[in-house]
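In terms of numbering that gives the first Met the number 0, the sequence shown has 80 at position 81, counting the first letter as 1, and numbering is strictly consecutive. Note that beta-carbon positions come from the ideal geometry of N, C-alpha and C, so glycine has one too. Note that this is a predicted model, so its numbers are computed, not measured. As C-alpha cells, the structure follows; a few thoughts come after it.
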Amino acid sequence: MSERVDVLVIGGGAAGLSGALALARARRSVLVVDGGTPRNAPAAGVHNFLTRDGTPPGELMALARAEVRGYGAEVRDGWVTGARREDGGFALSLADGTTVSARRLLVATGARDELPDVPGLAQLWGTDVLHCPYCHGWEVQDQPVGILSTNPMGTHAALLWRQWTADVTLFVHTGPEPTAEQEEQLAARGIEVVRGEVVGLETADGRLTGVRLAGGAVVPRRALVAGSQVRAPGELLADLGLEPVEFAMNGTVFGSVLPASADGATSVPGVWVAGNAGDVRAQVVVAAAQGLAAAGQINMDLVLEETRAAVAARTAVGAA
Ligand SMILES: Cc1cc2nc3c(=O)[nH]c(=O)nc-3n(C[C@H](O)[C@H](O)[C@H](O)COP(=O)(O)OP(=O)(O)OC[C@H]3O[C@@H](n4cnc5c(N)ncnc54)[C@H](O)[C@@H]3O)c2cc1C
C-alpha cells in the first residue's frame with residue numbers, strides 16, 4: 000500500500016515550503032519531497048526578503064522547514080521521478096523506489112540555470128558571476144563590473160547595473176553590436192564597450208580579478224554579470240500532459256516555464272505550479288507568495304470536492 004496525502008509538494012524551496020505551510024495550517028495532510036538544490040544555493044545571502052535580508056539560503060530553508068513541520072506536514076529529502084494519474088488523484092514515484100498517492104499536486108521544483116559557455120564562469124556563479132542587480136548589486140556597489148552580452152539585452156543590463164557602480168564595461172562577446180542609439184546611451188553613462196570574444200576569467204584566491212579576451216588582453220573586473228537560460232523541468236510531468244514552454248521578453252528567450260495562471264493553476268486539473276518553475280523572474284519572496292496563492296486555490300478545490308461528495312451522500316440517504 001502506498002501512502003496517501005491530500006497534497007504532495009514537489010520541491011521544498013521558498014515556493015514549495017510556503018505552499019506547504021498554508022496547506023498544513025489549513026489542516027491538510029502534506030508531504031514535501033525536496034532534492035535540496037535551491038537555485039540560489041551558491042549565494043552567500045538572500046537579499047530583498049523583508050525581515051530576513053542577507054540570511055544564508057540554507058539557513059532560511061532550515062527555518063522554513065521547521066515552521067512547516069511545526070504544523071504537522073512532512074518534509075522529506077528525496078526526488079520525485081515521475082507522476083501519473085490515478086483514480087481521482089496522482090501517483091508519484093520517488094527516487095528511493097517508493098510511491099505516494101496524492102489528491103492534488105503543487106509543482107515547486109524551481110528551475111535550472113544554463114550558464115554561458117565561458118571557461119571558469121560556472122565556478123564563480125552566485126559569488127562573483129552575477130545575474131540580478133537586486134540580489135547582488137548592493138554588494139558590488141562602486142566596484143569594477145563587467146556585463147557579458149549574449150543577447151540583445153546586453154545594453155539594457157549595462158544601463159541597469161550603472162545604477163550601482165560608475166565603473167561598468169560592456170563585453171559585446173556573442174551579443175549583437177550596440178545600435179547607434181545604444182552607443183550614445185552607453186557613452187552618455189560612461190560605460191565602456193569592449194568588442195571580441197571573452198575566452199576566460201582571471202582569479203586570485205578564488206575571486207574574480209579580470210576578464211580575458213580572445214586576443215589575450217585582460218580587463219580587470221571584480222564582478223561579471225551573465226544571464227542564464229532558466230529552464231523549468233522538462234520530463235517530470237510529461238505523462239500528465241504538462242510540458243514547459245519558452246519564456247521570452249522583447250523577443251529574447253530567457254528560458255522555459257510550466258504554463259500556469261496567475262494563481263498557479265495549470266491546464267491539468269489538480270496540478271498547480273509556484274515559484275521559478277512557472278515564473279523565471281520570481282525572487283524568493285515572490286516565489287513564497289506564489290506558493291501561498293496556489294495553496295489557497297488547492298485547499299478550495301479540495302473543499303469543493305468534499306462538499307460535492309457530502310451532498311451526494313446526503314442525497315443518497317434521503318433517497319433510501
Ligand atoms: C545565484 C543566485 C542568487 C540569487 N539570489 C537571490 C536573492 O538574493 N534574493 C532573491 O529574492 N532571490 C535570489 N535568487 C532567486 C532565487 O533563487 C529564486 O527566487 C528562488 O530559488 C525560487 O524559489 P523556488 O522555490 O521556486 O525554487 P528553488 O529555491 O530552486 O527550490 C526548488 C527545490 O525543488 C527541488 N526539486 C527540483 N526538482 C525536484 C524533484 N523532481 N523532486 C524533488 N525535489 C525537486 C530542488 O532540489 C530545490 O530544492 C537568486 C538566484 C540565483 C541563481
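Query raised in the report: Where glycine 69 and valine 302 are concerned, what is the direct C-alpha to C-alpha distance, given to the nearest angstrom?
Result: 23 Å
Report task. Taking only the alpha-carbon atoms, compute the straight-line gap between alanine 281 and aspartate 262 and give it to the nearest angstrom. Result -> 13 Å
Query raised in the report: What's the C-alpha gap between alanine 318 and aspartate 300?
Result: 27 Å
**Report entry** arginine 51 (DSSP reduced to helix, strand or coil)
**Finding:** coil
Query - serine 148 versus tryptophan 137: straight-line alpha-carbon distance, rounded - result: 21 Å
Query - Residues of its chain near arginine 194, where Cβ-Cβ distance is below 6 Å and the 5 sequence neighbours each way are ignored - result: Val171
Query raised in the report: When DSSP builds the beta bridges, which residues end up paired with methionine 60?
Result: Partner(s): none; methionine 60 has no beta bridge.
Query raised in the report: DSSP on glutamate 66, reduced to helix/strand/coil?
Result: helix
**Report entry** Where the alpha helix (DSSP H) containing glycine 96 begins and where it ends
**Finding:** Segment: none, glycine 96 is in no alpha helix (DSSP H) and carries neither H nor E.
Query raised in the report: When we look at the beta-carbon of glycine 87 and count the other beta-carbons within 10 Å, is it buried (16 or more) or exposed?
Result: exposed
Query raised in the report: Tell me which same chain residues have a C-beta within less than 7 Å of the C-beta of valine 267, skipping the five on either side of it?
Result: Leu239, Gly240 and Leu241
Requested in this report: Below 8 Å on the Cβ atoms is my guess for leucine 324 versus threonine 108; work out the distance and round it to an integer in Å.
Outcome: This structure leaves residue 324 out entirely; the chain is present only between 0 and 319.
Report task. Return helix, strand or coil for valine 197, following the three-state DSSP convention. Result -> strand
Query raised in the report: Going by DSSP, which residues form a beta bridge with valine 228?
Result: Before going further, note that residue 228 is glutamine rather than valine in the sequence given. In the DSSP output, where bridge partners are listed per residue, glutamine 228 has Glu113.
Requested in this report: Can you check DSSP and say which residues form a bridge with arginine 84?
Outcome: Phe89
Requested in this report: Give a yes or no on whether the C-beta atoms belonging to serine 17 and alanine 186 are separated by under 8 Å.
Outcome: no
**Report entry** Sufficient close CB pairs (3 or more, under 8 Å) joining the region 44–59 to the region 217–233
**Finding:** no
Query raised in the report: Counting pairs of beta carbons, one from the region 178–185 and one from the region 107–126, are three or more of them closer than 8 Å?
Result: no
Query raised in the report: Can you list, in chain order, the stretches of the beta strand (DSSP E) that have 3 or more residues and sit fully within the region 224–293?
Result: 228–230, 244–248, 251–256 and 270–272
Report task. Look at proline 258 and threonine 265 and say whether their C-beta atoms are less than 8 Å apart. Result -> yes
Query raised in the report: Since leucine 207 is in the beta strand (DSSP E), which residue starts that stretch and which ends it?
Result: 206–212
Query raised in the report: Does the distance from the CB of alanine 222 to the CB of valine 144 come in under 8 Å?
Result: yes
Query raised in the report: Taking the alpha-carbon positions, what's the alanine 157 to alanine 293 distance?
Result: 35 Å
Query - Terminal residues of the alpha helix (DSSP H) in which glycine 18 lies - result: 13–24
Query raised in the report: Excluding sequence positions up to five away, which residues of its chain have a Cβ less than 7 Å from the Cβ of aspartate 76?
Result: Asp33 and Gly35
Query - Rounded straight-line distance, which links the Cα of leucine 207 to that of tyrosine 133 - result: 20 Å
Report task. Grab me the residues of alanine 90's own chain with a C-beta within less than 6 Å of its C-beta, minus the 5 sequence neighbours each way, in chain order. Result -> Arg83, Thr98 and Ser100
Report task. Tell me where the alpha helix (DSSP H) around proline 132 begins and ends. Result -> 132–135
Report task. Could you say which of Ala110, Gly44 and Leu291 lies nearest to glycine 57 if we only look at CA atoms? Result -> Gly44
Requested in this report: Verify the contact flag: threonine 108, CB atom, against every heavy atom of ligand 1, threshold strictly below 7 Å.
Outcome: yes
Query raised in the report: Which residue comes first and which comes last in the beta strand (DSSP E) that contains leucine 147?
Result: 144–147
Query raised in the report: Taking buried to mean at least 16 other C-beta atoms within 10 Å of its own C-beta, is proline 219 buried or exposed?
Result: exposed
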